[in-house]
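Student: One structure, pasted below without further comment.
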Amino acid sequence: MSQPEIPKQYDPSQVEDRWYAHWIEKGYFRSVPDDREPFTIVIPPPNVTGVLHMGHILNNTIQDILIRRARMQGKNALWVAGTDHASIATEAKVVQKLRAQGIKKSDLSREEFIRHAWEWTNNYGGIILDQLKKLGASCDWSRTRFTMEPSLSDAVLDVFVDLYEKGLIYRGLRMINWDPEALTALSNEEVIYREVSDKLYFVRYRVKDQDRFVTVATTRPETIMGDVAVCFHPNDPRYADLKGKTLIVPLSGREVPVIYDTYIDIEFGTGALKVTPAHDINDYEIGKKHSLPVIDVFNADGTMSETAGLWVGEDRMVVRVKAASKLEELGLLEKVEELRHAVGFSERTDAVVEPRLSLQWFMSMERLSAPALRAVVEDEVRLIPPKFKNAYRHWMENIRDWCISRQLWWGQRIPAWYFGPGENDFVVARSEAEALEEARRRTDNPGLGIEDLKQDPDVLDTWASSWLWPISVFDGFSEPNGPDINYYYPTNVLVTAPEILFFWVARMIMAGVEYRGEVPFRDVYLTGIVRDNLRRKMSKSLGNSPDPLEIIKEYGADGMRVGMLIASSAGNDILFDIRLCEQGRNFANKIWNAFRLIQGWEVRPGGNPDNEAPVTWFEHKLHRTVSEVDHLLGEFRISEALKQLYSFLWDDFCSWYLEFIKPAYGEAIDEATHGYTIRFFEVLLKLLHPFMPFITEELWHFLAPRKDGEDLTIAPWPAHREWVDNYIESGEIAKDIISKIRDLRSKKQLGFKEEWPLCVKTTSMHPFHAFSPTILKLGKLSGISAVTEDVPGALSFLSGTTRFFLEAGISTNTEAERQKLQGELERLRGFLFSIDKKLGNERFVAGAAPDVLEREKQKQADAREKIKILEEQLAALS
RNA sequence: GGGUAAUUAGCUCAGUUGGUUCAGAGCGCCGCCUUGACAGGGCGGAGGUCACUGGUUCGAAUCCAGUAUUACCCACCA
528 MSQPEIPKQY DPSQVEDRWY AHWIEKGYFR SVPDDREPFT IVIPPPNVTG VLHMGHILNN
588 TIQDILIRRA RMQGKNALWV AGTDHASIAT EAKVVQKLRA QGIKKSDLSR EEFIRHAWEW
648 TNNYGGIILD QLKKLGASCD WSRTRFTMEP SLSDAVLDVF VDLYEKGLIY RGLRMINWDP
708 EALTALSNEE VIYREVSDKL YFVRYRVKDQ DRFVTVATTR PETIMGDVAV CFHPNDPRYA
768 DLKGKTLIVP LSGREVPVIY DTYIDIEFGT GALKVTPAHD INDYEIGKKH SLPVIDVFNA
828 DGTMSETAGL WVGEDRMVVR VKAASKLEEL GLLEKVEELR HAVGFSERTD AVVEPRLSLQ
888 WFMSMERLSA PALRAVVEDE VRLIPPKFKN AYRHWMENIR DWCISRQLWW GQRIPAWYFG
948 PGENDFVVAR SEAEALEEAR RRTDNPGLGI EDLKQDPDVL DTWASSWLWP ISVFDGFSEP
1008 NGPDINYYYP TNVLVTAPEI LFFWVARMIM AGVEYRGEVP FRDVYLTGIV RDNLRRKMSK
1068 SLGNSPDPLE IIKEYGADGM RVGMLIASSA GNDILFDIRL CEQGRNFANK IWNAFRLIQG
1128 WEVRPGGNPD NEAPVTWFEH KLHRTVSEVD HLLGEFRISE ALKQLYSFLW DDFCSWYLEF
1188 IKPAYGEAID EATHGYTIRF FEVLLKLLHP FMPFITEELW HFLAPRKDGE DLTIAPWPAH
1248 REWVDNYIES GEIAKDIISK IRDLRSKKQL GFKEEWPLCV KTTSMHPFHA FSPTILKLGK
1308 LSGISAVTED VPGALSFLSG TTRFFLEAGI STNTEAERQK LQGELERLRG FLFSIDKKLG
1368 NERFVAGAAP DVLEREKQKQ ADAREKIKIL EEQLAALS
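Counting in our numbering, the first sequence runs from 528 upward without gaps.
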């Protein structure tokens, strides 16, 4: 009967690649504008040199679920894929690779280096996209974009020129975050602050012409050579008499003035601050206020400069130690204390970031951020979960100008050309030719040649291209009224990690409002962070991140998708455990075996009245489930929707429904029931398809013959009808009765072979009546009959308020039974007491909603009924 | 220093208009089952003062205040 060619265990490796290839071949993921409603998602572009990690899996599975469901709902679903050139990260990787070949970046020309970078990109870039295919991602690959491809780069430059002309981009000498490892400026967002243990050195500065010392506390003795003042709080009595005095800086011997500023925290250290404007952002501000010079004692790579005069060429961290011991030698180091404080590290290179005064390009944020703030505050863009709204608001209200220049080669080069030595001797233009023309005009020198122009060597921050992504992937800059941008923009949902809410999401909203007059997406779904079961963030450096491709090999993409999602509610971190994937794989296997059962049945013509009640029960429950899943997905409660389906399929469909209708061994199933069952299964496969695309597609084709082009991926999403609660309820009662019979058999060790008669103490028809044949079958009963009196000596149980007697021919242990009944009785009496009290309370009766009141009355009646039955039962026992 | 969230079974978490048929699920654990779809399974079971203290209310896991831990975000304390 069962066909041996269908294995007992589902093997995804035989299925997944085959279906993916089929979908691609059929072009199901392709999208072109038409008259359907669009549903668009743009992928957060992974780094072009990146490899798939568990965070991507979570993120992209969610996107795929949303896209696949929209596609089945008949929308024109488009998921745009692509990669990010990730300027600093990629450049670092290329430098590393070249170093391994014995080539130093400094030995190469810019052009040569860029050539290497492109080579790397072409060889390794896009690997991650192929990995996404293994996951089942239903992107329109024909639309794959790259942030460094010509049209996207053009968009970046156009925007730069535009914002420059609007006065929103400017060049200025500012304190910026400097990465001494990568030798580039960083934006504030690229600096990661970590609490570290440091030493606080108490250094003595001599007062000029006196035999008096002032002690200054500092964590950075290596910057002493850059000191230009010592600062006290004006109200600090300890130092009031130093006004107008001069101090001698140790080591350098420089004479610096004493100044006073309320910035000083009297409590900290000794209340004395050495002011080093070149190497501290606050000191810089104080220096400006007091018109002090800036003495930079570092080179770009963090070594001591000629200006320092001491330890020239040695790294600042080494010099810190040397300076301290030298001070000690000189008797100028009073003491050293431990100090815990936050130090900034470069996100990419992990180098300690140095504040550095430098000439950089900035984007003014004030005007751009205002409408982007409003969009989120007014829910034009919905953050899911909404708890991020406050953080977003706070950030946007305190946003500072964005440093967009990077001293790197890999990226869009800043379209500014210098024609003279002056600070303002430059032009910003879309091309060299335009720049030349403009420069000639500016200099009033028609003879100016290309060779007289020097383009700014810096490139733009990667995010200066990413922030345009939702527009540029639809060529919205080159063709502002093109069919794609008009149709697909604004996109529907953005799915991303909360850590780039400010980096990226906020800026995309700014760009959207500025360049399209419309926000780029309506909903932003913020996923959690994937952690290991010790709550550590999964990262390559920790080595605690499993390789998703290995997991797919072992558990199947479907299994991994389920495992990833089942434990991840929106915005909550997910503690990943491989067991979750095992659960997912087991679920796939369960579905597989449900199919094996159904397909193994021989079908006979006609119907079977016994199955009508179970079919009706399941049908109505199915409609209810479709409605619930729709509702949950509509609210982005994706994990809950999956759980709902998981238990509906496993428990209601497999454990109950299929057992209800399963024909006896060797018998055929009636055609009517079989037909219903196939249709139910089809609906379940549809509902599960967005979550588990592969196995559902496979079984969909096994379940019935399909025409060419008839695939689950493009099948219509199930609609639901109204359901009747009573139909559902009677099935639930039947389940309860069967469970209790099984329980009795198990507890009394009756075995499951022998059949016993069941009596129902009743005077009327009961809701489970239609399920009698089913109960008879699954309860292994020899018959069901109604009685009006207790059946002495029989085992009994209660379902709802109805008493059942199982005549198993064994005597019950009356004492144990009595105690059980007594316990139950007491619980019920307590319950009734509370309801009575509640219903006796005028304020409750007056204040409660009518339906609540009604429910309470029902509970009261039920409880009374049960108590009566239990009391009778107890009386019969004694 | 400021902000946001969390604290429910051994573990991970649901519990969305306050109603003692809400104290739940999954995993894990324990017992029984070589049952004809599935041992990647079936049936059953144990296990929680819902962090703590007050308050509001007829009634609180749910609302409010405070406390304690934890996590994350933001911030220029040398």
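For every residue, glycine included, the Cβ atom is placed at its ideal position computed from N, Cα and C.
Going by beta-carbon coordinates alone, are Y732 and L774 separated by less than 8 Å?
Tutor: Yes, the pair counts as a contact, with Cβ atoms nearer than the cut-off.
Student: Please state whether DSSP places V870 in a helix, a strand or coil.
Tutor: Looking at V870 - three-state DSSP - the assignment turns out to be strand.
Student: So what does DSSP say about Q939, is it helix, strand or coil?
Tutor: The answer is coil: DSSP assigns Q939 none of H, G, I, E or B.
Student: Rounded to a whole number of angstroms, what is the C-alpha to C-alpha distance between I791 and Y919?
Tutor: Those two C-alpha atoms are separated by around 31 Å.
Student: W1031 to S1273, Cα distance in whole Å?
Tutor: If I take the Cα positions, the gap works out to 60 Å.
Student: Could you check what DSSP says for N1253 in three-state terms: helix, strand or coil?
Tutor: Helix.
Student: Answer yes or no: the CB of I813 versus the heavy atoms of the ligand SAH, is any distance below 7 Å?
Tutor: No copy of the ligand SAH appears in this structure; indeed no ligand is present at all.
Student: Answer with buried or exposed for R875, where buried requires no fewer than 16 other C-beta atoms within 10 angstroms of its C-beta.
Tutor: R875 is buried by the Cβ-count criterion.
Student: Count the CB pairs spanning the stretch 986-999 and the stretch 1028-1044 that are closer than 8 Å, and state whether there are at least three.
Tutor: Yes, the stretch 986-999 is in contact with the stretch 1028-1044.
Student: Just to confirm my understanding: we take F1004, look at its own chain, exclude 5 residues before and 5 after, and list those with CB closer than 6 Å. What are they?
Tutor: These residues qualify, in order along the chain: A682, D685.
Student: Quick check: S1166 and I1093, are their CB atoms within less than 8 Å of each other?
Tutor: Yes, the pair counts as a contact, with Cβ atoms nearer than the cut-off.
Student: Does DSSP classify M702 as helix, strand or coil?
Tutor: Three-state DSSP puts M702 in a strand.
Student: Contact between the stretch 639-657 and the stretch 613-628 is defined here as three or more beta-carbon pairs at a separation below 8 Å; is this criterion met?
Tutor: Short answer: they touch.
Student: Is W838 closer than 8 Å to M831 when the C-beta atoms are compared?
Tutor: Contact: yes.
Student: From the DSSP secondary-structure annotation, give me the bridge partner or partners of T576.
Tutor: None; T576 has no bridge partner.
Student: Round the Cβ separation of I808 and V755 to the nearest angstrom and send it over; I've been treating them as touching at under 8 Å.
Tutor: Between V755 and I808 the Cβ distance is about 15 Å, and since that is not below 8 Å, they are no contact.
Student: Cβ of S1072 within 8 Å of Cβ of H583?
Tutor: No.
Student: Could you tell me which uninterrupted beta strand (DSSP E) segments, each at least 3 residues in length, are contained entirely in the stretch 1240-1319, listed from first to last along the chain?
Tutor: Entirely contained in the stretch 1240-1319, the beta strand (DSSP E) runs reaching 3 residues are, in chain order, 1283-1288, 1308-1314.
Student: Determine whether the beta carbon atoms of N1013 and R1049 lie at a separation below 8 Å.
Tutor: No. Outside cutoff.
Student: Can you find the residues in the same chain that come closer than 7 Å, C-beta to C-beta, to H1201, ignoring five residues on each side of it along the sequence?
Tutor: Closer than 7 Å at Cβ, skipping near neighbours: W1128, V1130.
Student: Would E598 be called buried (16 or more neighbouring beta carbons within 10 Å of its own) or exposed?
Tutor: Reading the sequence as shown, one finds Arg at residue 598 and not Glu. So R598 ends up on the buried side.
Student: For W1031, report the span of its beta strand (DSSP E) as first-last.
Tutor: Neither: W1031 is in no beta strand (DSSP E) and is coded neither H nor E.
Student: From H817, K1386, L1348, pick the residue whose C-alpha is nearest to that of A1403; which is it?
Tutor: It is L1348 whose Cα lies nearest to the Cα of A1403.
Student: Who are the near neighbours of W1250 in its chain, counting only those whose CB is closer than 6 Å to its CB and skipping five residues on each side?
Tutor: Taken in chain order, the residues that qualify are H1147, H1150, R1151.
Student: Within 10 Å of its beta-carbon, does P531 have 16 or more other beta-carbons around it, so buried, or fewer, so exposed?
Tutor: Bear in mind that the predicted position of P531 carries a pLDDT of just 48, short of 50, making it unreliable; the figure below should be weighed with that in mind. That one is exposed.
Student: Counting pairs of Cβ atoms below 8 Å between the stretch 884-892 and the stretch 929-942, do you hit three or more?
Tutor: Counting Cβ pairs under 8 Å, three or more are found: they touch.
Student: Cα separation between A902 and M923?
Tutor: So the alpha carbons of these two residues sit roughly 11 Å apart.
Student: Quick one, are the C-beta atoms of S1182 and L679 less than 8 Å apart?
Tutor: For S1182 and L679, no; Cβs fall outside 8 Å.
Student: Do F1229 and Q1387 have their C-beta atoms within less than 8 Å of each other?
Tutor: Cβ distance not < 8 Å, so F1229 and Q1387 don't count as in contact.
Student: For P707 and E881, which I take to be in contact (beta-carbon distance under 8 Å), what is that distance rounded to the nearest angstrom?
Tutor: Their Cβ separation, rounded to whole angstroms, is 6 Å, which keeps P707 and E881 in contact under 8 Å.
Student: Using the three-state DSSP reduction, which class does Q1400 fall into: helix, strand or coil?
Tutor: Here Q1400 sits in helix by DSSP.
Student: At which residues does the alpha helix (DSSP H) containing I926 begin and terminate?
Tutor: That residue, I926, is in no alpha helix (DSSP H); it is neither H nor E in DSSP.
Student: Near G1258, what residues of its chain come up, given a Cβ to Cβ distance below 6 Å and the 5 sequence neighbours on each side ignored?
Tutor: Contacts found: W1144.
Student: Name the DSSP bridge partner or partners of A712?
Tutor: Answer is W705, bridged to A712.
Student: In angstroms, rounded to a whole number, what distance separates the CA positions of W546 and F1298?
Tutor: Their Cα atoms are separated by approximately 41 Å.
Student: Would you tell me roughly how many angstroms separate the C-alpha atoms of V1040 and Q934, rounded to the nearest one?
Tutor: Taking the straight line from one Cα to the other gives about 29 Å.
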